[in-house]
Amino acid sequence: MSETFKIMANIKKKQIYDLLSQGRRLDGRGLTDYREIKIETGIIDKALGSALVSLGKTKVVVGIKVETGKPFPDKPDEGVLITNAEFVPLASPDFEPGPPSMESIELARVVDRGIRESKAIDTEKLCIVPETSVFLVFVDIYVLDYDGNLFDTSALASMLALLTAKMQDYIVKENGNLEFKDELINLPIMDYPIEVTIAKIGDKLVVDPSLEEELSLDAQITIALTKNDEICAIQKSNLGTFNYEEVADAVKIAKKKARELREKFLKGYIANE
Amino acid sequence: MIDEAGFRFDGRRWDELRPIKFDIGMLEKANGSAYIEWGKNKILVGVFGPREVHPRHLSRVDKAVFRCRYHMAPFSTEERKNPAPSRREIELSKIITEAIEPSVFTELYPRIGIDVYIEVLQSDGGTRCASITATSLALADAGIPIRDLVVACASGKVEGQIVLDLSNMEDQKGEADLPIAIMPRTNEVSLLQMDGNLTEDEFDKAFKLAIEGCRKVYSLQKESLRNKYISLKEAINTEVKSEE
């Protein structure tokens, strides 16, 4: 998704700006409306958990795998979360095969930050033998169709995949080996972060930019919120700037939208606390 | 980490910066350069350009290609850092580029490249902020037209308190970190990241504190640039006099 290939007709850009000055958007949405969101979980049997989320025409599938491995030396009694994003070439004419692009690394790290900083996964429960072996949780983001706002789509798909993931129950034997049982258990999930991306186009803030809006925007900010409405991650990305008031407004909008999305799409999967 | 009298482990108050020192133009071959010492952070920045873009197909007809590369030396951290660029360094390179580019008149240099190389020689928390602050000075030193200096500073939450300019230990053990960059003339925020846990009110307080921190660093930044040209002017004057 090198910037060189991003092309946007000036006339369309102007249309987006003109419509926004009347409070309207190219696809008829309100400024704080998401495109239609469709979710499907458990679509990949080989993964412990999986989810396909489409946000308008953007499609992302996330698969969860769990393996055993060594903990990090500075956190010897905690499991490890590893998030990776693949921009597969069939998702966009601008994606090419090859090593991960800056954009895919940023996407993976921003989704990772939302999950990690909200403590969505209770990593202490993923310890098998301190300093020797822990569970590694892999969150693999696979972009299938790119029509804007990969952050929110991927974060929602990741959370759905984690919430629906089932691993085999186990007991830790005296020698530290694992003995797996037949029953399946949920992953230890403690929070349900939602990421909300807001674009600044002209002097307007709009939620969930489409690809056409992404190519015309002045600046973009992604805000992750926990189940208690606390901010757990922020990333301003793309060129362009915000002023103080715009950031404060964006936080307010994100808070409201995160609550709506959590209620609508995650609630059914959250075990009673 | 904050004692009863309100002092942090390194003796600072909640709203105090670590000591900051700049040096400008000490690299011979780079078109512009700057060195910053911010607490224990030691960072060197070299600017190359305006020059040809490599590889050529990346060049643009409407503006310069502006690229920053953030890189940490293997000896800059507690444990040796593998010199191959990590995912963290790649992300930081991207967001540092995006924080600085709004200040550069890239439209003046179509088909041209401006490359910034940032080398962290020693790190102690807040390297992205120090890097941005030094990069802006290096661009000024290279004579590249900019709208304003970009200046960065972080705030965060440690033991429930909002504090300015977190050191590495405070970042590791604290509850939140909020690095920002601004262009002080227009108050535009060109970098904004956060990780940790803040309520809306705490975020507002931390955000304001970070802006205040940026303003303090900005005056140091301007002063160092001014001093460099005063010393240059004096050097020229003495030379002229000795020739007379």
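Line by line, the protein sequences are chains W and U.
When you read off a place in the first sequence, starting at 1, and then add 15, the result is the number in this note's numbering.
Quick note: the second sequence, position 164, residue 152 per this note's numbering, numbers continuous.
Every residue gets a Cβ at the ideal spot worked out from N, C-alpha and C, and that includes glycine.
Quick caveat: nothing in here was measured; it's all calculated off a predicted structure.
### Host alpha helix (DSSP H) of I168(U) (start-end)
That residue, I168(U), is in no alpha helix (DSSP H); its beta strand (DSSP E) goes 164 to 171.
### Task
Starting from F195(U), follow the alpha helix (DSSP H) in both directions and report where the run begins and ends.
Note, F195(U): alpha helix (DSSP H), 188 to 231.
### Task
Could you run through the region 148 to 176 of chain W and flag, in chain order, every residue whose CB is less than 8 Å away from some CB of chain U?
Against chain U - using a Cβ distance shorter than 8 Å - the region 148 to 176 of chain W contributes no residues.
### Message
Tell me the rounded alpha-carbon separation between K53(W) and L199(W).
### Response
Their backbone Cα atoms lie some 27 Å apart in a straight line.
### Task
Please name the residue in T226(U), L152(U), E158(U), M157(U) whose C-alpha comes closest to that of K204(U).
Answer by Cα proximity: L152(U).
### Message
Classify K145(U): buried if its beta carbon has 16 or more other beta carbons within 10 angstroms, exposed otherwise.
### Response
Buried, since its Cβ has 16 or more Cβ neighbours within 10 Å.
### Query
Relative to the alpha-carbon of D(-2)(U), which residue among E147(U), S155(U), Y58(U) has its alpha-carbon at the smallest distance?
Out of E147(U), S155(U), Y58(U), S155(U) has the C-alpha closest to the C-alpha of D(-2)(U).
### Message
Just verifying my parser: in three-state terms, what is the DSSP assignment at H42(U)?
### Response
Taken through DSSP and simplified to helix, strand or coil, H42(U) comes out as coil.
### Counted within 10 angstroms of its Cβ, other Cβ atoms place Y217(U) as buried (16 or more) or exposed
Of the residues assessed, Y217(U) falls on the exposed side of the cut-off, its CB having fewer than 16 other CB atoms within 10 angstroms.
### Query
Quick one, which of K188(W), A265(W), L254(W), L202(W) has its alpha-carbon nearest Y284(W)'s?
Comparing Cα positions, the closest option is L202(W).
### Query
What separation, rounded to the nearest whole angstrom, lies between the Cα atoms of D192(U) and I246(W)?
So the two alpha carbons sit approximately 11 Å from each other.
### Query
Closest Cβ-Cβ distance between R44(U) and chain W: below 8 Å?
It does not; no Cβ of chain W falls within 8 Å.
### Query
Do you know how far the Cα of A22(U) is from the Cα of L125(U)?
Going from the Cα of L125(U) to the Cα of A22(U) covers about 6 Å.
### Task
Give the straight-line distance between the Cα atoms of R173(U) and N253(W), rounded to the nearest whole angstrom.
When rounded, the distance between both Cα atoms is 21 Å.
### Task
Grab me the residues of I(-10)(U)'s own chain with a C-beta within less than 7 Å of its C-beta, minus the 5 sequence neighbours each way, in chain order.
The residues R(-4), V146, E147, Q149, in chain order, have a CB closer than 7 Å to that of I(-10)(U) in the same chain once the five nearest residues on each side in sequence are set aside.
### Query
Would a C-beta distance cut-off of 8 Å place G27(U) and R1(U) closer than the cut-off?
In this structure, R1(U) does not lie closer than 8 Å to G27(U) by Cβ.
### Local conformation of F10(U) per DSSP, three classes
DSSP places F10(U) within a strand segment (E or B) once states are collapsed to three.
### Task
Look at K51(U) and E95(U) and say whether their C-beta atoms are less than 8 Å apart.
Judged by their CB atoms, K51(U) and E95(U) are nearer to each other than the 8 Å cut-off.
### Query
Beta carbon of S133(W), beta carbon of V154(W): below 8 Å?
8 Å or more divides the Cβ of S133(W) from the Cβ of V154(W).
### Query
Under 8 Å between the Cβ atoms of P84(U) and L213(U)?
Looking at the sequence itself, residue 84(U) is Ile, so the reference to Pro does not match. No, they are not a contact pair.
### Task
Report back the beta-carbon spacing between I106(U) and C141(U) to the nearest angstrom; my notes put them in contact at under 8 Å.
Beta-carbon to beta-carbon, I106(U) and C141(U) are separated by about 17 Å, too far to satisfy the 8 Å threshold.
### Task
Can you tell me which of the three DSSP states Y284(W) falls into?
Y284(W): helix per DSSP, three-state reduction.
### Message
To the nearest angstrom, how far is the alpha carbon of L240(W) from that of A214(W)?
### Response
Rounded to the nearest angstrom, the two C-alpha atoms are 17 Å apart.
### Task
Answer with yes or no whether the minimum CB distance from T256(W) to chain U is below 8 Å.
Chain U contact via Cβ: present.
### Contact belief for F102(W) with V158(W) at Cβ below 8 Å, rounded distance in angstroms
Between V158(W) and F102(W) the Cβ distance is about 5 Å, and since that is below 8 Å, they are a contact.
### Query
Under 8 Å between the Cβ atoms of M205(W) and D137(W)?
Contact flag set, yes.
### Cut-off 7 Å between Cβ atoms - residues of its own chain near A18(U), not counting five sequence neighbours on either side
Excluding sequence positions up to five before and after A18(U), its CB lies within less than 7 Å of the CB of G34, V35, F36, all in the same chain and listed in chain order.
### Task
State the DSSP-derived secondary structure class of F110(W), mapped to helix, strand or coil.
Note: F110(W) maps to coil in three-state DSSP.
### Query
Can you list, in chain order, the residues of its chain whose CB lies under 8 Å from that of S17(W), leaving out five sequence neighbours each side?
Note that S17(W) has pLDDT 39, beneath the 50 cutoff, so the model's placement of it is unreliable and the number below is only indicative. Closer than 8 Å at Cβ, skipping near neighbours: D109, S116.
### Query
CA-CA distance, R289(W) and I31(W)?
With chain W represented from 16 up to 288, any question about residue 289(W) goes unanswered, as that position is not in the structure.
### Query
Quick one, which of E82(W), S65(W), L70(W), D233(W) has its alpha-carbon nearest V76(W)'s?
Looking only at E82(W), S65(W), L70(W), D233(W), the smallest Cα-Cα distance to V76(W) is reached by S65(W).
### Message
Could you check whether the Cβ of F20(W) sits closer than 8 Å to any Cβ belonging to chain U?
### Response
Reliability of the predicted coordinates at F20(W) is poor, the pLDDT of 49 falling under 50, and the value obtained from them is presented with this limitation in mind. No, its Cβ sits nowhere closer than 8 Å to a Cβ of chain U.
### Task
Go through the region 216 to 288 of chain W residue by residue and report every complete run of the alpha helix (DSSP H) that reaches 4 residues or more, in order.
Whole alpha helix (DSSP H) segments, 4+ residues: 226 to 229, 259 to 276.
### Task
Just list the beta strand (DSSP E) runs in the region 158 to 204 of chain W, keeping only unbroken ones of 3 residues or longer that don't cross its boundaries, in chain order.
For the region 158 to 204 of chain W, the continuous beta strand (DSSP E) assignments of 3+ residues that do not extend past its boundaries occur at 181 to 187, 193 to 201, in sequence order.
### Nearest to I22(W) (by Cα), restricted to the options V211(W), T237(W), E229(W), A265(W)
Checked all of V211(W), T237(W), E229(W), A265(W); the closest Cα to I22(W) is E229(W).
### Query
Where DSSP assigns a beta bridge to N99(W), which residues make up the other side?
BP columns for N99(W) point to D155(W).
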